[in-house]
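In the numbering used here, the protein residues as written are 108 to 369. Each residue gets a CB set at the ideal place from its N, CA and C atoms; glycine is no exception. Computed from a predicted model, the values in this text were never measured in an experiment. One structure is given below, encoded as C-alpha cells.
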C-alpha cells in the first residue's frame, strides 16, 4: 500500500485562508507490491545473453606470415613427397622386368681364331675371338678341363661382349663365352651357333626387345639375375625362359639337353 503524507490537504486549506504559499513537497516513499513485479519467464529465456568478452571482441592479433623462403621450401618438399610414391609405383614394374630381361646382354656370335693355355692357371684357357669388329677380343675361359686349345680353334661360339673387362689371373679378358653344363658340372661345352651364322651378329629372342647395356654393372648383379633363366631344352636348343637363342642361320645348340647355361 502507498504511504502518502497529508501535505496536499494542508496546502489547499492554507491557500484558501492565506493565499498561495510556497511549499516544498516531500519525496514519496512507497513500496511496489509483489503482484506488480512479475517476470515473464519466456521473454527472459528468449532475451539474448550478454556476450563473453572474448567472443564480443574478436582478436586483432594477426598471424605472422611465414618467411617466403621457408614457405616455398615447405611447398617444394610437399610436392616431392607426393611425387615420389607415384614415380616409384610407375617405375617398379619396368625396373623389375628390365633387371630380368636377357635384352640387357649383348650376346654375339664369335669365331675363335686362336686358343692357348693360361700361363698361370691350369683350369683356364685364353682365346682370341673375332666378333666382326676388325680386331680380335681376348677372352679367358674356364674350359681347360673340358676342351683342348685345338678343340676350340676355328670354332663358332656365343659370347657376351658387354661384360666389364677385367683381368683373370693377370690376363685381360673382354668377354664371356657361354657354356652349357650338366647337373654335376662333369660335362661342360661352349654353345654352338649354326654353320652360316656370321661373327659379330647379335643373338635374338623372339618377342624380347630392348637395347643392350653398354657395359654391365657388376654391382647390380644383372648377369646373376638373368643366367638362372638360361638353359637348353630336351633337344639341346639353347633358350631364355624357353625362347631359343636365334641367329640368322638358326638357333644355338648344345649336345647336353636340359643343361644350365653360364
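Cβ neighbours of residue 349 in the same chain (closer than 8 Å, five flanking residues each side left out): If we look at residue 349 and ignore the five residues flanking it on each side, its Cβ neighbours are 340.
Residue 351 (DSSP reduced to helix, strand or coil): strand
Minimum C-alpha distance to residue 352 - residue among 255, 227, 321 and 300: 300
Span separating the alpha-carbon of residue 279 from that of residue 182: 53 Å
Stretch pair the stretch 326 to 340 + the stretch 310 to 317: three plus CB contacts closer than 8 Å: no
Length of the line joining the Cα atoms of residue 237 and residue 297: Going by C-alpha positions, residue 237 is about 15 Å away from residue 297.
Contact set for residue 288: own chain, Cβ-Cβ below 6 Å, skip 5 residues either direction: 295, 366 and 367
Close beta carbons around residue 321, own chain, < 7 Å, minus the five adjacent residues each side: 269
Helix, strand or coil at residue 290 according to DSSP, with G and I counted as helix: coil
Reference residue 210; option with closest CA among 284, 255, 330 and 242: 330
Whether residue 223 touches residue 232 by CB criterion (8 Å): yes
Buried/exposed call for residue 265, threshold 16 Cβ in 10 Å: buried
Residues near residue 240 by beta carbon distance below 8 Å, same chain, minus five either side: 307
7 Å Cβ shell around residue 276 - same chain, five flanking residues per side excluded: 225, 227, 228 and 231
Exposed unless 16 or more other CB atoms sit within 10 angstroms - verdict on residue 358: Result: buried.
Inter-residue CB distance, residue 284 and residue 248 (contact presumed, cutoff 8 Å): 5 Å
Proximity winner among 244, 303, 273 and 346, relative to residue 325 (alpha-carbon distances): 273
N- and C-terminal bounds of the beta strand (DSSP E) containing residue 236: 232 to 237
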